[in-house]
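Here the structure is laid out as structure tokens; the discussion comes afterwards.
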Amino acid sequence: QLRNSLEYTAQKLEEIKASVLNERGLSGRFWETYLRPSIDNFQEKLKSLSTLEKSYFYALYNFITKELYTSKSGDVDYEGRTGAASLWLSTLAEKCESGEIIYDLRIKENHAADEHKSHLLLVPSGELQRTVADDAQHTLPNFRQGDAIVLYERNADTDNVTNKMVFKGNIDYLNENEICIRLRATQQNSSVLPSDSLYAIEHDAMDTTFRSMYQGLYAFMSATKERRDLLLSQREPQFDVALDKQIAEAADDFTRIALKAKAAKDYFLLVGPPGTGKTSCALKKMVETFYKEEGAQILLLSYTNRAVDEICKALSSIRPEVDFIRVGSELSCDENYRDHLIENELATCMRRTEVCERINRCRILVGTVASISGKPELFRLKHFDVAIVDEATQILEPQLLGILCAKGENGKEGVGKFILIGDHKQLPAVVLQNTEQSEVYDEALSAVGLKNLKDSLFERLYRTARQHTDAHRTYDMLCRQGRMHPEVALFANQAFYEGRLLPVGLPHQLEDSGNINRLSFYPSQPEPMGSSAKTNHSEAKIAARLAATVYKEHSEAFDASRTLGIITPYRSQIALIKKEIEVLGISELNQILIDTVERFQGSERDVIIYSFCVNYPYQLKFLSNLTEEDGILIDRKLNVALTRARKQMLLTGVPTLLERNPLYKSLLKLIESLRNIA
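So, in structure tokens, the structure goes:
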């Protein structure tokens, strides 16, 4: 508890002085020129902060440090252990069950010595060890292209990362037959990777995010007083009222929002519920509007690489074409946009002046928050008039500070104004600490809207904006959705969006339902006592049966990437559903996406099947992600799950267990009123 207090943190950080740290009595040019000034500079900046700013700094410092510690030591969530320590604390059975290991791999091709692209091609050995339960063996690995991994020799059950040489890399690609690993370091000595050995890969825990958050804190200390006051609500955001008439007369929602974003001098918030076109239409319209301003420099950001791909797709559809550069790696970029990667754009530049010219000539830069945070030199090369941040509700406050508080040339702000796009009623940022651990108890911080450090900057500013006299200028909400048929959207619209979501009126939204049950529930049976909580055979069979029905109804029009998707919370249940679908013998169904709700955010399908997989009451708390607004309880996980379907939403679960949750009970009552319970 002592280490959670701001006073304790203040005491420790104020002890960071050159005289205290110089335990070895260093002197000379290196100490006086490089080490001592940076230590003194930290103390000077810390002392210059106001009482509120210091409290903010200490609170975020505590939060980041506890998050870093938890990421190392680990915790337990609904899929098992988390954190770097799971590499040696989790058993093989636990790793298999959560899909966190692939083992018994052999090296098919060894290109580790290649200086330009050091990589290995690995294939299954065909000698799978049967040291764990069959259910665990069938669990699908939880690995994706671009994932950071560790590779090590594993020829016996006792071999692990603590007693074997570890190689770090990323997954270049993977399929059922092979995995290509891009190594971070070239290996000239072939003996360190023997060809007759077996190998395992596991996920790697990266520290770069935490480093950028600490750097973001320093950027906050170094920021202009105007920017610090803005972020801590010590001054209200300013607007260009000259655009009021144009805004009032805007032809459509997207034009109105783009004009409001243009009118904002400090920041603007856009709430984008599911299917409202916040990236494909709203962000695109904003870019078109800002691009018309002569010389305007635009920075586009998102949390995930997948969302950055969507931004690139939106930019590519603008006519006339706009020039943009993407910051990031080849592995995490859709191949359609790899020509725009900064390494490819600068490949022909022979001198630093040419690099500067190319970057300055390009008015749009795109990347993830992590990739842009890792290149602070960009802000010294150019000033951005506006930064537009998509998926802003999935980004923690300290993750954005380094960008929003960046300094450019002559001490000017690196970013003029910022626009945050998100939906606080969908899945939030991933945080390892629980709500109690991240809660803010400081009254001054609570007064500026900082209630819990798990919340995003978007949420905090949104709460504050609603209290402004000029609230209508500070934020807006998209209310016309083009994804869901109105009957599919019925529950989420009423329960989470106060009935404000209206259909755009696309053909599939106007279809007469006839005999189609748009929102249906299929009761399942719980697993026998003593069985795994993370599988439900009854639901797996129901899901497979429904999948077969959907396939037959669509016949030749069935498209695995558009027609059907299945959501369920556990990897063991994913594997079980896949197994049941394989039995059907319909090859097209083997290609559909079956994944967790977290992986489905941002996706959509014509039909979604949702297997709740709740066998015991205690699982209900893991199934929800709750927040509250205006006294209304919102389950962000349920909201995302129910808003992925365009035409049909099919649910299966144990009703007697689900009814113990008030929201699920309301959902089942609504479905019953529609007479859509099988």
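Residue 504 in UniProt numbering sits at position 504 of the sequence shown; the count goes up by one each step and never skips.
A virtual CB, placed ideally from N, CA and C, is assigned to each residue, including glycine.
Everything numeric in this text was worked out from a predicted model, so none of it was measured.
Delimiting residues of the beta strand (DSSP E) encompassing residue i
| i | result |
| --- | --- |
| M286 | No beta strand (DSSP E) contains M286, which is instead part of the alpha helix (DSSP H) from K284 to Y291. |
| S302 | I298 to S302 |
| E628 | L626 to E629 |
| I181 | I179 to L183 |
| S611 | R605 to S611 |
| I364 | I364 to T368 |
| N110 | I101 to H111 |
| H116 | Segment: none, H116 is in no beta strand (DSSP E) and carries neither H nor E. |
| G416 | V415 to G422 |
| H203 | Y199 to H203 |
| residue 723 | Outside the shown range of the chain, which is 1 to 678, sits residue 723, and nothing can be said about it. |
CB of residue i within 8 Å of CB of residue j, strictly
| i | j | result |
| --- | --- | --- |
| K278 | F268 | no |
| T393 | D442 | no |
| T647 | V389 | Note that residue 647 is Lys in the sequence shown, not Thr. For K647 and V389, no; Cβs fall outside 8 Å. |
| N615 | P526 | yes |
| T596 | A370 | no |
| F418 | L401 | no |
| L198 | S125 | yes |
| residue 695 | L217 | An answer regarding residue 695 cannot be provided, because it is not within the stretch 1 to 678 covered by the chain. |
| I298 | F384 | yes |
| L301 | T368 | yes |
| D240 | K265 | yes |
| T563 | H554 | yes |
| L193 | N110 | yes |
| G83 | A307 | no |
Extent of the continuous alpha helix (DSSP H) to which residue i belongs
| i | result |
| --- | --- |
| Q509 | P507 to L510 |
| V150 | First-last for V150: A148 to E153, but that is the beta strand (DSSP E), not the alpha helix (DSSP H). |
| L350 | The sequence given here places Met at residue 350; Leu does not occur at that position. Unbroken run through M350: none, as it is neither H nor E. |
| H554 | H537 to H554 |
| Y58 | T51 to S73 |
| P37 | R36 to S48 |
| V583 | R571 to L584 |
| T208 | T208 to S222 |
| N639 | R636 to L642 |
Residue i versus residue j - alpha carbon distance
| i | j | result |
| --- | --- | --- |
| E343 | R660 | 54 Å |
| N22 | R571 | 51 Å |
| E436 | A85 | 23 Å |
| A251 | A258 | 11 Å |
| V550 | I107 | 41 Å |
| E15 | Y8 | 11 Å |
| L667 | L657 | 13 Å |
| G99 | R473 | 47 Å |
| V123 | L105 | 5 Å |
| D323 | H468 | 37 Å |
| L230 | L420 | 14 Å |
| Y497 | M484 | 14 Å |
| R256 | D606 | 30 Å |
| Q11 | N41 | 18 Å |
| Q215 | D207 | 12 Å |
| E409 | F379 | 8 Å |
| A205 | G74 | 11 Å |
| P528 | R545 | 22 Å |
| L174 | S373 | 29 Å |
Residues near residue i by beta carbon distance below 7 Å, same chain, minus five either side
| i | result |
| --- | --- |
| L445 | S55, Y56 and A59 |
| P655 | P523 and L668 |
| S5 | none |
| K541 | E580 |
| L501 | P273, C479, Q481, A489 and N493 |
Close Cβ partners of residue i (< 6 Å) along its chain, the five nearest in sequence each way excluded
| i | result |
| --- | --- |
| S673 | none |
| I586 | Y551 |
| K284 | A314 |
| S233 | V448 and T464 |
| S118 | A112, L183 and T186 |
| L128 | Reliability of the predicted coordinates at L128 is poor, the pLDDT of 42 falling under 50, and no value is obtained from them. |
| R130 | Because R130 carries a pLDDT of 35, less than 50, the predicted location of this residue cannot be relied on, and the following value inherits that uncertainty. So no residue of the chain qualifies. |
Spatial neighbours of residue i in its chain, beta-carbon cut-off 8 Å, leaving aside the 5 residues before and after
| i | result |
| --- | --- |
| G146 | N170, I171, N305, S329, L331 and S332 |
| I499 | Correcting the residue identity first, residue 499 is Gly in this sequence and not Ile. Cβ neighbours of G499 beyond the five flanking positions: N493. |
| residue 679 | Only positions 1 to 678 of the chain appear in the structure, and residue 679 is not among them; the question remains open. |
CB contact below 8 Å: residue i versus chain B
| i | result |
| --- | --- |
| T186 | You won't find chain B in this structure, because it holds only one protein chain. |
- Item | Any 3 or more C-beta pairs closer than 8 Å across the stretch 426 to 434 and the stretch 393 to 406 | yes
- Task: Count the C-beta pairs between the stretch 455 to 465 and the stretch 608 to 617 that are closer than 8 Å, then say yes if the count reaches three, no if not.
- Result: no
- Task: Would you check if the stretch 340 to 355 and the stretch 270 to 290 touch, i.e. whether three or more CB-CB distances between them fall below 8 Å?
- Result: no
- Is the number of C-beta pairs between the stretch 492 to 508 and the stretch 534 to 553 that are closer than 8 Å three or more? no
- Is the stretch 636 to 644 close to the stretch 483 to 502, with three or more CB pairs under 8 Å? yes
- Can at least three beta-carbon pairs, one atom from the stretch 172 to 183 and one from the stretch 144 to 160, be found at a separation below 8 Å? yes
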